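Under the numbering used here, think of the first position of the sequence shown as 10, with each following residue one higher.
Note that beta-carbon positions come from the ideal geometry of N, C-alpha and C, so glycine has one too.
Since the model is a prediction, treat every value here as computed from it, not as a measurement.
For reference, the structure discussed in these notes is given below.
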Amino acid sequence: MLVLAGAPLGVNFAVVDGSRDACAGQVAPLHVADWRDFDALERFAAGVDVVTFDFENVPAETAQWLSARVPVFPGPAALALAQDRVSEKNAFRAIGLQTPAFEPIASRAELDAAAVRVGLPAILKTRRLGYDGKGQFRLRGVADLDSAWAALGAQAQPHGLVLEAFVPFTRELSVIAVRGRDGDFRAWPLTQNWHRDGILALSLAPAAAAPELQRQALEHARQLAERLDYVGVLALELFEHEGRLLGNEMAPRVHNSGHWSIEGAVVSQFENHVRAVLGWPLGDTALRAPSLMFNWIGALPQPAVAALALSAVRWHDYGKAPRPGRKVGHATVCAADAGVLARQARALARALACEDQLEAARPWLPAA
Ligand SMILES: Nc1ncnc2c1ncn2[C@@H]1O[C@H](COP(=O)(O)OP(=O)(O)O)[C@@H](O)[C@H]1O
Ligand SMILES: [Mg+2]
């Protein structure tokens, strides 16, 4: 999606991925190499002006190594910080963004002690390498401590785990923002998100929110970006709980909850990321039309042509092989107003027999 957004600006891309099937290979030359294969990276770096990434588990050492040869944005320090749930939450607290109660865990004894201090229910997470709900175990009570440790204890060393209080949030929100090489900062309208089994299922933009809540959310993103001297698009995932915002995690990259911006904003997160890393002026992040994005997880729903028959629907097939839990595509419904958006979203859900996916968002959409 970065390539598709950058090509009209005259930008040429090359991609490094360990997999021959990497979907970016459909639209740009693909160097198949491990991200720790420094000979291959040397050849790659020699052919490019700037390097970026759209996956936060690229080794921070690789970003660091490349940055000695060619500019890398976002910078390796921001990437490293976002790879560790504990340093991420400490950075949130440092800018005045509260977080769920949490404690780092390195042993079973620490887990037992933390369960008392953090309280249960709670979620045990790997500090590093988790995504789409992977590397997480939900504890309802003390009876779950044994199974939580059996599931994740092996990962307590060397990188550690973190126990977080379970937040019975009102809803999940995210800020997608971009910061240029000159410090120019912009954010897209606040987005509301729904997850299923820890995987993003739906995103609605703009989220209906009081102006003060929106202002706070965007201000947290701005302060975070400035603190990290960040360049590029970043996402800040928030919980709204008892009228307040809590920081969940950040993503140092374009984000799934910003995919709606391809059609729904004047300039998308992808184009602005490309502009930012190249040091070009940023584009307008204003809303063009209220949007609702459906994520396709595991396999594309059928029949896709039924979706194309709906005037407000835009289809995105990533060309990925189906696999349980894998994000293989998305569809964005864009409409002139929230009422039309809700009607078109319901029509899409009916056409693809995925009404259950829309169910959670129903209270937040205008009624039929
Ligand atoms: N402390 C928490 N309280 C309640 N729900 C949570 C908590 N942490 C995570 N979740 C739920 O799980 C989802 C995925 O967790 P997250 O920490 O964002 O990990 P990932 O890196 O997999 O996105 C969140 O979007 C949210 O729905
Ligand atoms: Mg998340």
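query: Taking the straight line between their C-alpha atoms, what separation do you get for Arg-195 and Ala-122?; result: 42 Å
query: DSSP three-state call for Pro-83: helix, strand or coil?; result: coil
query: Please list the terminal residues of the continuous alpha helix (DSSP H) segment that includes Val-184.; result: Here Val-184 belongs to no alpha helix (DSSP H); instead the beta strand (DSSP E) covers 180-188.
query: Cutting at 6 Å between CB atoms, please list the residues of its own chain near His-282, excluding the five before and the five after it.; result: Gly-241, Val-242, Val-263
query: State the Cα-Cα distance for the pair Leu-133 and Leu-161, rounded to the nearest angstrom.; result: 8 Å
query: Is the distance from the Cβ of Val-127 to the Cβ of Ala-174 below 7 Å?; result: yes
query: Flag this pair as touching only if the stretch 253-261 and the stretch 100-117 have three or more C-beta atom pairs under 8 Å; answer yes or no.; result: yes
query: Return the chain-ordered ranges of every beta strand (DSSP E) run that is complete within the stretch 185-259 and spans a minimum of 3 residues.; result: 194-196, 200-205, 208-214, 241-250
query: Is DSSP giving His-40 helix, strand or coil here?; result: strand
query: If contacts are defined as beta-carbon pairs under 8 Å, then Pro-375 and Ala-351 qualify, I think. What distance do you get, rounded to the angstrom?; result: 5 Å
query: Within the present structure, is the beta-carbon of Gly-207 separated from the nearest heavy atom of ligand 4 by less than 6 Å?; result: Looking at this structure, you won't find ligand 4 anywhere; what it does contain is ligand 1 and ligand 2.
query: Assuming Ile-104 is part of the alpha helix (DSSP H), what are its boundary residues?; result: Looking at the DSSP string, Ile-104 is not in any alpha helix (DSSP H), and its letter there is neither H nor E.
query: For a quick check, are the C-beta atoms of Pro-80 and Val-95 less than 7 Å apart?; result: no
query: Under a criterion of Cβ closer than 7 Å to any non-hydrogen atom of ligand 2, which residues qualify, in chain order?; result: Glu-246, Asn-257, Glu-258
query: Around the C-beta of Asp-93, are 16 or more other C-beta atoms found within 10 angstroms, so that it is buried, or is it exposed?; result: buried
query: Specify whether the stretch 352-370 and the stretch 319-326 touch according to this definition: at least 3 beta carbon pairs, one from each stretch, less than 8 Å apart.; result: yes
query: Say yes only if the C-beta of His-204 is nearer than 6 Å to one or more non-hydrogen atoms of ligand 1, and no if none qualify.; result: yes
query: Leaving out five residues on either side along the sequence, give the residues of the same chain with a beta carbon under 8 Å from the beta carbon of Phe-178.; result: Phe-248, Glu-249, His-250, Leu-255
query: Return the bridge partner residues of Gly-338 from the DSSP annotation.; result: Trp-305, Asp-326
query: My output table needs one value for Gln-166: the three-state DSSP class, helix, strand or coil.; result: coil
query: Would you report the Cα separation of Trp-197 and Leu-39, rounded to the nearest angstrom?; result: 31 Å
query: Pick helix, strand or coil for Val-67, following the three-state DSSP scheme.; result: coil
query: Identify, in the order they occur along the chain, each residue of the same chain with its Cβ nearer than 7 Å to the Cβ of Leu-385, setting aside the five sequence neighbours on each side.; result: Since the first residue of the chain shown is 10 and the last is 377, residue 385 is not available in this structure.
query: Going by DSSP, what residues sit across from Glu-368 in a beta bridge?; result: Bridge partners of Glu-368: none, in fact.
query: So what's Asp-153 in DSSP terms, helix, strand or just coil?; result: helix
query: Going by CA-CA distance only, name the one from Leu-11, Val-275, Arg-136 that's closest to Gly-34.; result: Leu-11
query: So what's Arg-147 in DSSP terms, helix, strand or just coil?; result: strand
query: Do you know whose CA, among Ser-277, Asp-153, Val-151, lies nearest Pro-17's CA?; result: Ser-277
query: Among residues of its own chain, excluding the 5 on either side of Asp-43, which ones have a beta-carbon nearer than 8 Å to its beta-carbon?; result: Gly-27, Ala-49
query: What is the DSSP secondary structure of Cys-32, counted as helix, strand or coil?; result: helix
query: Which residues does DSSP list as the beta-bridge partners of Leu-133?; result: Phe-146, Leu-172
query: Is the stretch 202-214 in contact with the stretch 297-313, if contact means three or more CB pairs nearer than 8 Å?; result: yes
query: Would you mind stating whether Glu-364 and Ala-358 have Cβ atoms separated by less than 7 Å?; result: yes
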